[in-house]
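These notes concern the structure reproduced below.
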Amino acid sequence: MKENGDRKLLHLSVHSATHHTAEKQLHGLQDQVSLIYATYNETIGHSPSIVDARSFPSKLRGVCTDHAADQKLLAELLKDWKKCTDRESRGEEKLLSLPPEELIAVLLKASQEDIQAAVGLDGWNALSESEKLSRNAAKYQDVCFQIGQKLFAALKPKEQEESDWFVRVGCCMHKQLNTIKGGAAAIRELWIKLGIEGPMKYFNKDNSAAYHVGDEASRTRAMDASQSGAVKLTSLSGSLFNHKDDKKGHQGSLAIFFEGKTGRFVRFPDTSNTRYQSHCEAAAELIVQLDLYIVFLEEIKEKKDNRTFNNLEIKAYRTSLPSLKWQF
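Just so we're aligned, residue 173 is where the sequence shown starts under our numbering, counting upward by one.
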């Protein structure tokens, strides 16, 4: 974003990582960024518009990943890359602004340290040219980093925080799932604790018969074996209004019904698949469009020859869930 508020959205192409370690993923990103910058600079030739590849990590403000261990580590590596690049850029800018005699003195000292690290001049001369260049480049980066580190330390705390600001945003789907599951379990426990009658049980055919005509033991077993509550209701509604088998369920009739009533095509949330938020979406759909779903079920019943509900339909239609007031 420019100072005048103009924004430009840039996209970085997606590539498959050859290895799923955090280090390999970071190196892959670094190579990709370096190639992009090099290609761009080659197209414009010698121009003031040439860009430094280090501007990419310096602009990083965060990353969005899942909660896998390698992704958490990758976020830390990206943050370190950002910090190191920032210090190096600060240091190089300061270094190149020094008077010639001071600049030469700093570089000479660095060169002497390189030679000492190679166990003297003979050891240095024994190195290949590529190795010498590699060591020189690494030493230059280290010198710039050390200078930049001192400059950064001299900044005000607010300036340091703003410079290093980096946020890892984790995928929240597991947290949302745990919240819904935990909330549903807590409410069930609260009903028991306070002696409040919860939602009616969803009996299958066998348990329904045992509950209504059986002895006390049979009734208790039927109650214990049957479920209740919003999650069970959304699951049943998903089977009724958006069955995974196209030959079952009322998804086709539902779409036509809602298009006629509201002017929009409706597809009930797919609660039969393992997909986060589908039950929350189903609950919201039932709450908002409750009256229409009741009317729809009534129309379905009236269009049958025997004008009766099947077991699944009647469980949805007659479910006395207080929070929904789902009653006929």
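Ideal Cβ placement from N, Cα and C applies to all residues, glycine included.
Checking 8 angstroms against the spacing of the C-beta atoms, do K419 and S444 come in under that value?
Against a cut-off of 8 angstroms, the Cβ pair of S444 and K419 comes out as no contact.
Between which two residues does the beta strand (DSSP E) harbouring T237 extend?
Where T237 is concerned, the enclosing beta strand (DSSP E) stretches over 234–237.
Under three-state DSSP, which class holds R340?
Of the three classes helix, strand and coil, the one that applies to R340 here is strand, per DSSP.
Give the straight-line distance between the Cα atoms of E453 and H218, rounded to the nearest whole angstrom.
Roughly 56 angstroms between the two C-alpha positions.
Using only the alpha-carbon positions, how far apart do A325 and R262 sit?
Roughly 12 angstroms between the two C-alpha positions.
Taking the beta carbon of D258 as the centre, do at least 16 other beta carbons fall within 10 Å, making it buried, or is it exposed?
Label assigned to D258: buried.
Note the first and the last residue of the continuous alpha helix (DSSP H) segment covering E485.
Its alpha helix (DSSP H) spans residues 483–489.
Excluding the 5 residues preceding and the 5 following Q321 in the sequence, name in chain order all residues of the same chain whose CB lies nearer than 8 angstroms to its CB.
Counting only Cβ-Cβ distances below 8 angstroms, and skipping sequence neighbours, we find R259, G263.
Would you kindly work out how many angstroms separate the C-alpha atoms of A389 and P371, rounded to a whole number?
Rounded to whole angstroms, A389 to P371 spans 21 angstroms at the Cα level.
Tell me the rounded alpha-carbon separation between H346 and H239.
Taking the straight line from one Cα to the other gives about 9 angstroms.
If you check the beta carbons only, do K311 and E285 fall under 8 angstroms apart?
Cβ atoms of K311 and E285: closer than 8 angstroms.
Could you work out which residue in L305, I352, V291, L323 is closest to E265 when comparing CA atoms only?
With distances taken between Cα atoms, E265 lies closest to L323.
Assuming G421 and D442 make a contact with CB atoms under 8 angstroms, what is their CB distance in whole Å?
That pair is no contact at about 11 angstroms.
What is the residue span of the alpha helix (DSSP H) that K231 lies within?
Element bounds for K231: 227–231.
For H183, count neighbouring C-beta atoms within 10 Å of its own C-beta (all shown protein chains included) and say buried if the count is 16 or more, exposed if not.
Flag for H183 reads exposed.
Who are Y374's beta bridge partners in DSSP?
Beta-bridge pairing links Y374 to Q399.
For the region 394–414 and the region 363–383, state whether three or more C-beta atom pairs, one from each stretch, are separated by less than 8 angstroms.
Short answer: they touch.
By the three-class DSSP mapping on this structure, what secondary structure does N213 have?
Of the three classes helix, strand and coil, the one that applies to N213 here is helix, per DSSP.
Express the C-alpha separation of G432 and E485 in angstroms, rounding to a whole number.
One C-alpha to the other measures close to 22 angstroms.
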